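Following: one structure in structure tokens, then a few remarks.
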Ligand code: NAD
Ligand code: IPM
Ligand code: MN
């Protein structure tokens with residue numbers, strides 16, 4: 003079999019606790035499905051690294067990890083020691099841009115054994131794929147501060163949408179909708195944001211012409227947030243700009259019980275650069291060091307990585323193991339009302355694989 007070379011970056015906080023559980027489960031899948039992994043662990047892209055070196059990553063970070071087949075990432079951020087915009091623009095956001103991971107794929111699915119905070123919703127009622135634009139939009143470094151410290155102070159930051167950038171994320175979302183239920187929802191705000199968002203809507207309409215089999219609806223982001231809570235069953239594939247996708251991808255998983263199980267792929271669909279797989283959640287300083295974080299977001303991200311690397315049967319095996327463990331209250335972590343710790347939950351999933 004072909005060896006898969008994986009760059010492992012635990013990062014900060016609970017990233018360092020959940021990544022080992024993700025690896026444990028990947029190793030179990032390797033035994034079961036005859037896969038071969040080589041894991042290289044890196045200490046950069048962490049606030050500890052910053053404290054030692056004055057920057058988040060070494061200058062040659064791209065050479066160090068760019069040749070790997072994929073990156074398995076935990077979480078970064080420790081606002082007590084490094085401001086969040088410094089730690090994130092110095093690490094994760096560089097990976098997404100420099101490796102052209104323009105798709106952020108974020109499932110939100112209500113799993114068996116998990117209770118939704120929304121009344122009357124059970125497994126099967128919420129099953130969506132959020133497709134987030136991941137390299138441009140509201141996350142731009144174009145802008146600045148004028149007249150600092152005076153009462154004329156002004157800050158501004160431009161939203162950037164390129165035709166290439168918008169069209170490629172829309173195409174990915176339309177293709178995915180075609181493969182799933184044939185239904186696509188576009189998040190917009192073209193009533194208030196009067197240049198970039200009407201452009202987004204215009205490109206959706208244009209692309210729709212090539213996908214007559216896909217039904218498209220569009221919602222302004224404010225009512226869309228409300229509809230996620232009131233009628234989550236209406237949504238299948240949901241596509242949004244960088245910021246809207248960010249918000250929807252915490253809201254969707256919250257509707258499915260906890261953000262602790264939500265996975266994500268930062269994908270370069272052309273396989274020109276390594277894609278990066280990480281949970282949606284962050285470093286959770288409030289629970290870090292206690293060993294109680296839910297490892298399922300990380301483990302599920304490992305399943306998405308296997309799918310991306312061409313091992314769908316192993317990915318499905320991990321998903322089945324997650325479902326088995328979720329239905330046992332004694333194996334769930336505290337965010338799901340259980341008492342299991344991180345390692346207990348991770349070991350149970352590895353055993354179920
Ligand atoms: P967060 O996701 O870290 O935590 C939000 C809340 O959810 C906290 O109460 C936390 O305890 C809980 N939570 C998160 N993951 C959990 C898990 N696996 N199990 C149980 N509970 C869990 O978001 P935040 O507090 O806004 O951010 C904390 C730090 O993480 C900041 O530095 C932020 O910038 C960073 N961050 C990083 C990423 C990333 O690396 N992709 C994502 C989000 C936030
Ligand atoms: C995420 C995170 C990041 C984002 C932050 C930490 C920069 O919230 O991966 O969703 O906004 O993309
Ligand atoms: Mn986020």
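Numbering (full-length UniProt numbering), first residue to last: 3 to 355. Glycine included, every Cβ here is placed at the ideal spot set by N, Cα and C. Quick caveat: nothing in here was measured; it's all calculated off a predicted structure.
* Taking residue 133 as part of the beta strand (DSSP E), name the residues at either end of that continuous run. => Residues 129-135.
* To do: Using 7 angstroms as the cut-off, classify the Cβ of residue 287 as near or not near the heavy atoms of the ligand NAD, replying yes or no.
  => yes
* To do: Would you check if there are 3 or more beta carbon pairs closer than 8 angstroms linking the region 155-172 to the region 131-139?
  => Yes, they touch.
* Which value, in whole angstroms, describes the spacing of the CA atoms of residue 316 and residue 102? -> 26 angstroms
* Mind checking whether residue 238 and residue 130 have CB atoms under 8 angstroms apart? -> yes
* Asked: Going by the C-beta, is residue 80 closer than 7 angstroms to any heavy atom of the ligand NAD?
  -> yes
* Secondary structure, alpha helix (DSSP H): runs of 4+ residues fully inside the region 27-57 -> 49-55
* **For residue 172, the nearest candidate out of 161, 220, 160 (CA to CA)** => 220
* Beta-carbon separation of residue 320 and residue 289 under 8 angstroms? -> Taking the C-beta atoms as reference points, residue 289 is found no nearer than 8 angstroms to residue 320.
* Span of the alpha helix (DSSP H) around residue 156 -> Looking at the DSSP string, residue 156 is not in any alpha helix (DSSP H); the run it does join, the beta strand (DSSP E), is 156-159.
* For the ligand IPM, list every residue whose C-beta falls under 5 angstroms from any of its heavy atoms, going in chain order. => 90, 248
* What residue does the beta strand (DSSP E) around residue 222 start on, and which one ends it? -> 217-222
* Asked: Excluding sequence positions up to five away, which residues of its chain have a Cβ less than 8 angstroms from the Cβ of residue 209?
  -> 169, 172, 173, 176
* To do: Measure the CB-CB distance between residue 342 and residue 353 and report whether it falls below 8 angstroms.
  => no
* Drop a sphere of 10 angstroms on the beta-carbon of residue 51, count the other beta-carbons inside from all chains shown, and report buried for 16 or more, exposed for fewer. => buried
* To do: Determine the burial state of residue 154: buried for a count of at least 16 other Cβ atoms within 10 Å of its Cβ, exposed for fewer.
  => Within a 10 Å sphere around the beta-carbon of residue 154 sit fewer than 16 other beta-carbons, which makes this residue exposed.
* Asked: Just to check, is the beta-carbon of residue 183 closer than 7 angstroms to a non-hydrogen atom of the ligand NAP?
  -> What this structure holds is the ligand NAD, the ligand IPM and the ligand MN, not the ligand NAP.
* Asked: Between the region 273-287 and the region 176-196, do at least 3 Cβ pairs fall closer than 8 angstroms?
  -> no
* To do: Measure how close the beta-carbons of residue 66 and residue 44 come, nearest whole angstrom, since I'm counting them as under 8 angstroms.
  => 7 angstroms
* Asked: To the nearest angstrom, how far is it from the Cα of residue 122 to the Cα of residue 18?
  -> Cα-Cα distance, rounded: 36 angstroms.
* Return the residue from the list 261, 263, 278 that minimises the CA-CA distance to residue 269. => For residue 269, the closest C-alpha among the options 261, 263, 278 is that of 278.
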